[in-house]
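> In the numbering used here, the protein residues as written are 3 to 434. Every residue, glycine too, gets a C-beta built ideally from N, C-alpha and C.
As structure tokens, this is what we get:
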């Protein structure tokens, strides 16, 4: 039952990802490529937010399992301070270097002129990106995934309403083009953060922050960093590799980038609900280890992984069969469609393995063993995916399809390695 609100939470996030790129695709190929380039760089911010969120989930879940609510609230407050500080450090340079970011990714002058404000707005509002993930991690660790679910339903629901209004200038709203999508996202997520803060400070939930918890506790901050650094590292490794992957794809032109960007948003439509199952596994592991029941923790992970695999197997068949009609819903450009279809079919061929990789990686994180998935991500993304994508796509002249194949191969190998290491059981002995 814990997984249900997490799945619904991620279902809303994935619905937004698809609808957002649907509206942006109506603006033009440059607009979609701008989204792809910007988000590949912004995943560095997401990585830190997700990593910190994982650390907060693990610490809060462990303290709740130990019946230590004061300790859980103290950990949540210190995580909040860290999130605010890091968002300012990352957001200010990103805002002023928006043109340089797009140019470094291979964007043309026309793309930079059209897309710079999209990039500026998202970097400038990265505080709400950081907090919405971090606070949801706190609520999940406390076992209150329903608040995390309602947060994303509120923020993404508002986002979906504002998206076409600000992009196309519906009603009293100005026509802002692709920049309107960024503004809609910032307003929606900002509203979600206000909802989270209300429940965290004024609600009557399992976890609540009071004034006494806001005192800076360096021992807790250092412990949280120690637990989070691996989570940050594993996502930074993955997201920075995606930046290089997008740069390699950019070698083939903005239409190919647009096709890949749309395909990834469609793939996320099913990956994020599966990620909800993985988040549930992380919480179950943390709480069961806190209650000194490691065997029960392991059984919950395998059961979650099996269910996730069945779901993703069914989805992959749909994508393989209906890839072209799906892509035509977004953009009629034949080059965009062709590359989007190839991307969908090739990448989802590895979905069977993706399920186990996602769930088991999150299980490690829920146990506080963030070091293991960090090393595995480093091996598979940097030592396999990037070199393989370059050689298959450019050196061996397989084109974009070779790059897409490199993604599927590296993700599948990552899943196999996760299974092997998980079976050894060292994660059961980690203390946080």
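With 16 other CB atoms within 10 Å as the buried threshold, where does residue 217 fall?
exposed
> Check for me: the alpha helix (DSSP H) holding residue 219 runs from which residue to which?
Counting along the chain, residue 219 falls outside any alpha helix (DSSP H), and DSSP gives it neither H nor E.
> Within 10 angstroms of its Cβ, does residue 431 collect 16 or more other Cβ (buried), or is it exposed?
Counting Cβ neighbours within 10 Å, residue 431 comes out exposed, since fewer than 16 surround it.
> Residue 416 to residue 280, Cα distance in whole Å?
15 Å
> So, with DSSP's three-state summary, where would you put residue 430?
The three-state secondary structure of residue 430, taken from DSSP, is helix.
> Determine the direct distance from the alpha carbon of residue 48 to that of residue 2, and round the result to whole angstroms.
Outside the displayed range of the chain (3 to 434) lies residue 2, so it cannot be described from this structure.
> Within the same chain, show all residues whose beta-carbon is closer than 7 Å to that of residue 31, passing over the 5 residues directly before and after it, in chain order.
256, 257, 260, 335 and 338
> In chain order, which alpha helix (DSSP H) runs of at least 4 residues are fully inside the stretch 14-71?
31-67
> Using three-state DSSP, classify residue 144 as helix, strand or coil.
coil
> Tell me which residues share the same chain as residue 240 and place their Cβ nearer than 6 Å to its Cβ, disregarding the 5 neighbours each side in the sequence.
379 and 383
> On the criterion of 16 or more Cβ atoms from any shown chain inside 10 Å, does residue 94 qualify as buried, or is it exposed?
Exposed.
> Note down the Cα distance separating residue 198 from residue 81, rounded to an integer number of angstroms.
14 Å
> Near residue 162, which residues of its chain fall below 7 Å by C-beta distance, leaving aside the five closest residues on each side in sequence?
18 and 21
> Touching or not, the stretch 267-285 and the stretch 70-89, by the rule of three or more beta carbon pairs under 8 Å?
no
> Where in the stretch 361-415 do unbroken runs of the alpha helix (DSSP H), each at least 4 residues long, occur, reported from the N-terminal end onward?
Within the stretch 361-415, the runs of alpha helix (DSSP H) at least 4 residues long that lie entirely inside it are, in chain order, 373-379 and 388-392.
> May I have the straight-line CA-CA distance separating residue 91 from residue 105, to the nearest angstrom?
Roughly 22 Å separates the two Cα atoms.
> In angstroms, rounded to a whole number, what distance separates the CA positions of residue 108 and residue 42?
12 Å
> Thinking C-alpha only, which one of 402, 407, 392 and 376 is nearest residue 419?
The shortest Cα separation from residue 419 among 402, 407, 392 and 376 belongs to 376.
> Enumerate in chain order the residues of its own chain whose CB-to-CB distance from residue 33 is below 6 Å, with the five nearest sequence positions on each side excluded.
Cβ within range, chain order: 26 and 180.
> Would you call the stretch 403-414 in contact with the stretch 302-321, where contact means no fewer than 3 C-beta pairs closer than 8 Å?
no
> I need the boundaries of the alpha helix (DSSP H) containing residue 502, first residue and last residue.
Because the chain in this structure spans residues 3 to 434, residue 502 falls outside the shown range and cannot be described.
> Return the chain-ordered list of same chain residues with a C-beta closer than 7 Å to the C-beta of residue 412, the five sequence neighbours on each side being excluded.
382, 383, 386, 387 and 390
> Would residue 132 pass as a contact of residue 51 if the rule is Cβ separation under 9 Å?
yes
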